[in-house]
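Residue numbers (our numbering): 274 to 594. For reference, the structure discussed in these notes is given below.
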Amino acid sequence: MAKTTKRITDDWLVIVNPNAGRKKGEKDWFNINELLNESGLAFESVFTTHKEHAIALTTRFIKKGYRNFLVVGGDGTLNEVINGIFFQKSIPTDEFLISMIPVGTGNDWCRMFHIPFKYTDAIALIKQNNTFIQDIGRVSYFNSTTLKRRYFINVAGMGYDAEVASKTNKDKERGKGGPFSYLKNLFTSLLFYKYSETEIIIDDLPEIYKNKTFSVSVGICKYNGGGMKQLPNAIPDDGLLDMTLIKKLGKLTVLKEVKNLYDGSFIQHPKVQTFQGKSFRIDSKPAIYLEVDGESLGHSPFTFEVIPSSLRVVTGMIPDQ
Numbered sequence: 274m275a276k277t278t279k280r281i282t283d284d285w286l287v288i289v290n291p292n293a294g295r296k297k298g299e300k301d302w303f304n305i306n307e308l309l310n311e312s313g314l315a316f317e318s319v320f321t322t323h324k325e326h327a328i329a330l331t332t333r334f335i336k337k338g339y340r341n342f343l344v345v346g347g348d349g350t351l352n353e354v355i356n357g358i359f360f361q362k363s364i365p366t367d368e369f370l371i372s373m374i375p376v377g378t379g380n381d382w383c384r385m386f387h388i389p390f391k392y393t394d395a396i397a398l399i400k401q402n403n404t405f406i407q408d409i410g411r412v413s414y415f416n417s418t419t420l421k422r423r424y425f426i427n428v429a430g431m432g433y434d435a436e437v438a439s440k441t442n443k444d445k446e447r448g449k450g451g452p453f454s455y456l457k458n459l460f461t462s463l464l465f466y467k468y469s470e471t472e473i474i475i476d477d478l479p480e481i482y483k484n485k486t487f488s489v490s491v492g493i494c495k496y497n498g499g500g501m502k503q504l505p506n507a508i509p510d511d512g513l514l515d516m517t518l519i520k521k522l523g524k525l526t527v528l529k530e531v532k533n534l535y536d537g538s539f540i541q542h543p544k545v546q547t548f549q550g551k552s553f554r555i556d557s558k559p560a561i562y563l564e565v566d567g568e569s570l571g572h573s574p575f576t577f578e579v580i581p582s583s584l585r586v587v588t589g590m591i592p593d594q
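What follows is the structure, given as structure tokens:
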């Protein structure tokens, strides 16, 4: 019997997270669907129903011949779609095209690539088909004693950043998320947060950076936490990961520096260091926790790697260099 192959389609698979943005995905989908139909874009839509469902949906529709994926959701939904693409090994990842209509609360990846928050403009951008090939990050981490792996398109945060993200995600699960949830948790988490002793190795070089650490960010792009420029030097197609290390700071200093997170000027503080590399290894005592693209995961030790020029994305303009 002859082997059949799935027909490759130019249609878009629209993955909708109805819970994104405090159920904004569900509330606004009728309007977004109408706008997509009016634009003449050929698409099929599916809804997520639970955590990591977008990973399974992406994998399933890749097998059906889809190569174009449009996310109607937030950074977490986008992360799941990316993992669906990169976990499969049958199709080269640079054959896929990703776009987004942002309905989440952070939408930090969209800030980097100038994706409009207005639905009509975001759809018009897809029709223009201006694309950019970006790098992707991969992190290995632990859940208890089990080694796990996750891909990310934007930024991974550890230590204090992961603590704030975890509390913000719990707020979202209770329907209390929103633009100010991250800021609220940024301040309240300071009360009980404890510093850690970290060891960082860059590109397997012999030097070990040992510090009392407040927070670490590693990423492909610049923004995290709803517009904070935590990796201001990041370039998404330079084949390198960027790291920002914030050493032990007084709590009053942290509060004073929050405003400087939004323009990236906080990296000028003497307790902040920035690095670049193709890989980072991070260990800590006690263990610190991890978030990637806003999704809370496991704990240290971590290994980060970059996958250069591995995914095509729709962009509003060339990202800031």
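From the three backbone atoms N, C-alpha and C, an ideal C-beta is built for every residue, glycine too. These numbers were taken from a predicted model, which means no experiment stands behind them.
DSSP-derived helix/strand/coil call for residue i
| i | result |
| --- | --- |
| Met-274 | Here Met-274 scores only 39 on pLDDT, less than 50, and its place in the model should not be relied on; the value that follows carries that caveat. It is coil, neither helix nor strand. |
| Lys-485 | strand |
| Tyr-433 | helix |
| His-326 | helix |
| Thr-321 | coil |
| Phe-405 | strand |
| Asp-283 | strand |
| Leu-464 | helix |
| Ile-540 | helix |
| Leu-513 | coil |
Sub-8 Å separation of residue i and residue j beta-carbons
| i | j | result |
| --- | --- | --- |
| Asp-649 | Gly-377 | Given a span of 274 to 594 for the chain in the structure shown, any question on residue 649 remains unanswerable. |
| Glu-325 | Glu-353 | yes |
| Gly-430 | Glu-564 | yes |
| Leu-513 | Lys-457 | no |
Range covered by the alpha helix (DSSP H) that runs through residue i
| i | result |
| --- | --- |
| Lys-524 | 524 to 530 |
| Val-354 | 348 to 360 |
| Asn-304 | 293 to 312 |
| Lys-400 | 392 to 401 |
| Arg-384 | 381 to 385 |
Per DSSP, cross-strand counterpart(s) of residue i
| i | result |
| --- | --- |
| Val-545 | Ile-519 |
| Asn-427 | Beta-bridge pairing links Asn-427 to no other residue. |
| Asn-497 | Met-501 |
| Thr-419 | Asn-416 |
The beta strand (DSSP E) enclosing residue i, as first and last residue numbers
| i | result |
| --- | --- |
| Pro-595 | With the chain running from 274 to 594 in the structure shown, residue 595 is simply not present. |
| Leu-563 | 562 to 565 |
| Pro-375 | 370 to 375 |
| Ser-557 | 552 to 558 |
| Ser-469 | 469 to 475 |
Near the ligand ATP: residue i beta-carbon under 7 Å from a heavy atom
| i | result |
| --- | --- |
| Ile-406 | The ligand content of the structure shown is nil, which means the ligand ATP is not present either. |
Do the segment 566 to 585 and the segment 396 to 411 meet, that is, are 3 or more Cβ pairs less than 8 Å apart? yes
Any 3 or more C-beta pairs closer than 8 Å across the segment 530 to 546 and the segment 489 to 501: yes
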